[in-house]
Amino acid sequence: MFKKKTTIILVILCLSFAGIIYWKCFSLQGVSHGTYIRSMSSPDGTYIINTYRHSGGKLKENAVRAEIENKLTHRKKTIYWKYPDKDPLIKWKNAQLVQIGHELLNVVKGETYDYRFDKKPKK
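Below is the structure:
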(Lines of atoms letter the chains of each structure in order from A and count residues from 1; the text may use other names and numbers.)
(Lines give C-alpha, C1' and ligand atoms only; values in the text may rest on other atoms or scores of the structure.)
Protein backbone atom coordinates (compact mmCIF):
# COMPACT_ATOMS: atom_id res chain seq x y z
CA MET A 1 0.00 0.00 0.00
CA PHE A 2 2.85 2.40 0.81
CA LYS A 3 4.47 1.82 -2.61
CA LYS A 4 1.21 2.58 -4.43
CA LYS A 5 0.70 5.89 -2.59
CA THR A 6 4.31 6.89 -3.16
CA THR A 7 4.02 6.12 -6.88
CA ILE A 8 0.82 8.16 -7.19
CA ILE A 9 2.40 11.12 -5.38
CA LEU A 10 5.50 10.96 -7.62
CA VAL A 11 3.36 10.86 -10.77
CA ILE A 12 1.32 13.85 -9.60
CA LEU A 13 4.48 15.82 -8.79
CA CYS A 14 6.07 15.00 -12.16
CA LEU A 15 2.91 16.01 -14.07
CA SER A 16 2.66 19.24 -12.08
CA PHE A 17 6.29 20.08 -12.77
CA ALA A 18 5.84 19.30 -16.49
CA GLY A 19 2.75 21.53 -16.60
CA ILE A 20 4.60 24.45 -15.03
CA ILE A 21 7.52 24.05 -17.47
CA TYR A 22 5.11 23.95 -20.45
CA TRP A 23 3.19 27.01 -19.22
CA LYS A 24 6.33 29.08 -18.64
CA CYS A 25 8.47 27.98 -21.62
CA PHE A 26 6.10 26.97 -24.42
CA SER A 27 2.76 28.72 -23.83
CA LEU A 28 2.08 32.36 -24.68
CA GLN A 29 -0.04 32.62 -21.55
CA GLY A 30 3.10 32.29 -19.40
CA VAL A 31 4.75 35.38 -20.90
CA SER A 32 5.24 38.23 -18.41
CA HIS A 33 2.91 41.19 -18.72
CA GLY A 34 5.20 44.19 -19.21
CA THR A 35 4.55 47.94 -19.49
CA TYR A 36 1.45 49.13 -21.35
CA ILE A 37 2.06 50.73 -24.78
CA ARG A 38 -1.35 51.20 -26.45
CA SER A 39 -4.74 49.73 -27.35
CA MET A 40 -6.43 49.41 -30.72
CA SER A 41 -10.09 48.42 -31.24
CA SER A 42 -11.28 46.28 -34.14
CA PRO A 43 -13.40 47.99 -36.84
CA ASP A 44 -16.62 46.38 -35.54
CA GLY A 45 -15.73 47.02 -31.89
CA THR A 46 -15.78 43.33 -30.89
CA TYR A 47 -12.08 43.07 -30.02
CA ILE A 48 -9.38 45.26 -28.58
CA ILE A 49 -5.64 44.63 -28.90
CA ASN A 50 -3.47 45.78 -25.98
CA THR A 51 0.31 45.90 -26.43
CA TYR A 52 2.94 45.77 -23.70
CA ARG A 53 6.72 46.26 -23.71
CA HIS A 54 8.85 43.89 -21.69
CA SER A 55 12.22 45.40 -20.79
CA GLY A 56 15.13 43.06 -21.11
CA GLY A 57 17.33 45.15 -18.83
CA LYS A 58 20.57 46.93 -19.69
CA LEU A 59 22.13 44.16 -21.76
CA LYS A 60 19.08 42.92 -23.67
CA GLU A 61 16.67 44.46 -26.14
CA ASN A 62 12.95 44.92 -25.49
CA ALA A 63 10.27 42.38 -26.33
CA VAL A 64 6.61 43.08 -27.09
CA ARG A 65 3.52 41.17 -26.04
CA ALA A 66 0.05 41.76 -27.49
CA GLU A 67 -3.13 40.44 -25.98
CA ILE A 68 -6.60 40.38 -27.47
CA GLU A 69 -9.66 41.07 -25.38
CA ASN A 70 -13.16 40.12 -26.46
CA LYS A 71 -15.28 43.10 -25.38
CA LEU A 72 -18.41 40.94 -25.05
CA THR A 73 -16.94 38.22 -22.80
CA HIS A 74 -13.98 40.23 -21.37
CA ARG A 75 -11.70 37.23 -21.97
CA LYS A 76 -8.05 38.07 -22.63
CA LYS A 77 -5.47 35.98 -24.46
CA THR A 78 -1.88 36.68 -25.48
CA ILE A 79 -1.62 36.37 -29.28
CA TYR A 80 1.75 37.97 -30.07
CA TRP A 81 5.21 37.68 -28.48
CA LYS A 82 8.24 39.03 -30.29
CA TYR A 83 11.85 39.64 -29.34
CA PRO A 84 13.51 41.96 -30.22
CA ASP A 85 10.75 44.50 -30.77
CA LYS A 86 9.96 47.97 -29.46
CA ASP A 87 6.58 49.21 -30.63
CA PRO A 88 4.95 47.26 -33.49
CA LEU A 89 2.39 48.88 -35.75
CA ILE A 90 -1.11 47.49 -35.23
CA LYS A 91 -3.41 47.66 -38.24
CA TRP A 92 -6.80 45.99 -38.54
CA LYS A 93 -7.38 44.74 -42.12
CA ASN A 94 -11.02 43.91 -41.33
CA ALA A 95 -13.01 42.65 -38.32
CA GLN A 96 -11.14 39.30 -38.37
CA LEU A 97 -7.60 40.07 -39.55
CA VAL A 98 -5.09 42.17 -37.65
CA GLN A 99 -1.51 42.94 -38.58
CA ILE A 100 0.87 43.32 -35.67
CA GLY A 101 4.31 44.28 -36.91
CA HIS A 102 4.90 42.02 -39.93
CA GLU A 103 2.56 39.24 -38.74
CA LEU A 104 -1.00 38.88 -40.06
CA LEU A 105 -3.26 37.05 -37.59
CA ASN A 106 -6.86 35.85 -37.90
CA VAL A 107 -8.34 36.53 -34.46
CA VAL A 108 -11.53 34.54 -35.13
CA LYS A 109 -9.48 31.40 -35.88
CA GLY A 110 -7.32 32.02 -32.79
CA GLU A 111 -4.03 32.45 -34.65
CA THR A 112 -0.99 33.51 -32.62
CA TYR A 113 2.62 34.51 -33.24
CA ASP A 114 5.51 33.49 -31.00
CA TYR A 115 9.03 34.35 -32.19
CA ARG A 116 10.43 31.32 -30.34
CA PHE A 117 8.71 29.00 -32.82
CA ASP A 118 9.04 31.13 -35.97
CA LYS A 119 10.16 28.95 -38.88
CA LYS A 120 10.81 31.89 -41.22
CA PRO A 121 14.45 32.84 -41.87
CA LYS A 122 15.67 35.84 -39.85
CA LYS A 123 16.39 39.02 -41.81
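Heads up: the sequence shown at position 103 corresponds to 95 in the working numbering, and the numbers run straight through without jumps. We treat Cβ as the ideally placed atom computed from N, Cα and C, and that holds for glycine. Quick caveat: nothing in here was measured; it's all calculated off a predicted structure.
Ile60 is positioned such that its CB atom lies closer than 8 Å to that of Lys69. Taking all protein chains in view, the Cβ of Val90 is crowded by 16 or more other Cβ atoms within 10 Å, so the residue is classified as buried. CA-CA distance, Pro76 to Tyr44, rounds to 13 Å. If you look at His46, you'll find it in the beta strand (DSSP E) that goes 39 to 46. DSSP, reduced to helix, strand and coil, places Val90 within a strand of the structure shown. Here Lys83 has Gln91 as same chain residues with Cβ atoms under 6 Å from its own Cβ, once five neighbours each way along the sequence are excluded. Leu5 is not bridged by DSSP to any residue. Per DSSP, the beta-bridge partners of Arg30 are Thr43. Within the same chain, and ignoring the five residues on either side of Gly48 in sequence, the residues whose Cβ sits closer than 7 Å to its Cβ are Asn54, Ala55. Bounds of the beta strand (DSSP E) holding Lys83 are 82 to 84.
For Thr70, the secondary structure class from DSSP, reduced to helix, strand or coil, is strand.
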